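Residue numbers (our numbering): 238 to 595. C-beta atoms are modelled at their ideal positions from N, C-alpha and C, and glycine is treated no differently. Quick caveat, the model's predicted, so the values are computed rather than measured. The next block holds one structure in the form of structure tokens; read it before the comments.
Have a look at this one:
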């Protein structure tokens with residue numbers, strides 16, 4: 238009796254934990270509210286699989302209950318043996334054909350979707366024009382993201398800008414360790430490896446997620462280090478005309494310090510060798526290997542600082558004062574100089590002025 242009670246308590250505990258953990262997470266990181274063609278296709282495949290599995294479970298459960306009731310032991314019939322059906326050709330054909338049909342129901346749309354989602358041939362065309370296909374090179378670093386628009390010569394970090402209602406093609410590469418590029422509401426994840434480039438496409442059917450968030454959230458979906466959970470990026474989807482305007486502004490923007498304090502911050506940015514790692518011009522002509530830190534050209538208008546903190550003066554100061562406390566294991570920690578309050582104020586004002594939208 239005691240053993241039974243112990244097992245029942247453990248079962249109840251695990252059931253309660255399952256219920257509680259099922260409620261964890263954030264709505265903007267859900268893949269159950271698709272906002273693009275790829276996400277919708279993957280959602281439909283997932284629902285089809287669930288429906289097939291539920292039907293199988295229901296049928297098996299009904300047969301099980303029927304057999305338990307019909308062939309239960311009754312008084313006076315203890316020695317009665319039910320009719321045996323081994324070797325019944327009809328039954329064997331039925332329970333062989335039905336699984337094959339179920340596999341076909343799952344396999345046909347799955348294989349079709351796999352080939353459709355894997356079709357990136359347009360990226361290989363010679364003399365491809367930007368209007369033929371928008372290609373974005375994604376480089377994943379510890380613990381930040383770089384987005385390069387090779388057809389336009391524009392580079393940004395942490396905030397990804399894309400046009401709506403058209404396919405956007407991605408080249409994915411890891412700069413240090415394996416990461417994974419994932420925008421839950423728009424499509425499934427794909428690894429960013431260090432030794433090869435993965436390619437795929439997404440389509441953004443709307444400007445904002447269905448949950449009312451201001452922008453789409455992206456995550457690293459491959460365990461990569463102590464700040465893996467903090468390796469976020471934001472996606473701003475714009476109508477094509479607005480996206481083109483954004484590209485034009487990026488191509489023609491130069492960092493200008495507007496106030497005396499900002500000019501002091503700009504000088505500190507140079508003296509402290511921040512410029513050695515961080516570019517402040519979205520048209521970054523340095524080779525790929527030299528881009529070891531996020532491009533700060535749009536820092537003042539980013540949605541978040543370090544991908545996770547609200548972009549305001551207080552949080553900028555926190556980040557500048559002790560980046561290790563915000564993102565453990567980040568590459569800036571070991572080379573970052575200590576700053577006094579006056580220097581923090583000056584750098585904060587300078588960084589807040591780095592904007593494309595004036």
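6 Å Cβ shell around residue i - same chain, five flanking residues per side excluded
i           : result
residue 404 : 438, 440
residue 480 : 400
residue 461 : 414, 416
residue 411 : 377, 429, 430, 431
residue 580 : 505
Buried or exposed by the 16-neighbour rule on C-beta atoms within 10 Å, applied to residue i
i           : result
residue 303 : exposed
residue 312 : exposed
residue 394 : buried
residue 535 : buried
residue 464 : buried
residue 513 : exposed
residue 250 : exposed
residue 352 : exposed
residue 278 : buried
residue 274 : buried
residue 539 : buried
residue 324 : exposed
residue 316 : exposed
residue 483 : buried
residue 201 : Any question about residue 201 goes unanswered here, given that the chain covers just 238 to 595.
residue 496 : exposed
residue 418 : buried
residue 574 : exposed
Endpoints, the beta strand (DSSP E) within which residue i is located
i           : result
residue 396 : 396-400
residue 417 : 416-420
residue 570 : Neither: residue 570 is in no beta strand (DSSP E) and is coded neither H nor E.
residue 273 : Residue 273 -> no beta strand (DSSP E), and no H or E assigned at all.
residue 407 : 404-411
residue 430 : That residue, residue 430, is in no beta strand (DSSP E); it is neither H nor E in DSSP.
residue 454 : 453-457
residue 437 : 435-440
Residue i, enclosing alpha helix (DSSP H) - first and last residue
i           : result
residue 389 : Counting along the chain, residue 389 falls outside any alpha helix (DSSP H), and DSSP gives it neither H nor E.
residue 481 : 477-488
residue 585 : 578-589
residue 506 : 497-508
Cutoff 8 Å; reference residue i; Cβ partners in own chain excluding five residues on either side
i           : result
residue 585 : 502, 550, 553, 554, 557
residue 520 : 390, 391, 392, 487, 488
residue 561 : 567, 570
Whole-Å CB distance - residue i paired with residue j, under 8 Å assumed
i           : j           : result
residue 339 : residue 289 : 6 Å
residue 328 : residue 322 : 6 Å
residue 459 : residue 415 : 5 Å
residue 448 : residue 270 : 6 Å
residue 368 : residue 528 : About 27 Å; that fails the 8 Å criterion.
residue 564 : residue 530 : Between residue 530 and residue 564 the Cβ distance is about 13 Å, and since that is not below 8 Å, they are no contact.
residue 421 : residue 267 : 6 Å
residue 346 : residue 285 : 7 Å
residue 350 : residue 409 : 19 Å between Cβ atoms; not a contact.
residue 444 : residue 474 : 5 Å
residue 490 : residue 348 : The pair is not a contact, with the Cβ atoms about 46 Å apart (cut-off 8 Å).
residue 276 : residue 423 : 5 Å
CB contact check: residue i to chain C, cutoff 8 Å
i           : result
residue 304 : Looking for chain C here will not work: only one protein chain is present.
Chain-order list of residues whose beta-carbon lies under 7 Å from that of residue i (same chain, five-residue window excluded)
i           : result
residue 587 : 494, 499, 502, 503, 506
residue 545 : 467, 469
residue 364 : none
residue 360 : 370, 372, 406, 436
residue 472 : 397, 399, 420, 452, 453, 455
residue 319 : 308
residue 517 : 492, 533, 534, 591
Near the ligand FMN: residue i beta-carbon under 7 Å from a heavy atom
i           : result
residue 317 : Ligands displayed in this structure: none; no statement on the ligand FMN is therefore possible.
Practice item. Give, in chain order, every unbroken run of the alpha helix (DSSP H) that is at least 4 residues long and sits entirely within the segment 308-386. Key: 326-354
Practice item. Would you list, in sequence order, the uninterrupted alpha helix (DSSP H) runs of no fewer than 4 residues that lie entirely inside the segment 514-559? Key: 550-558
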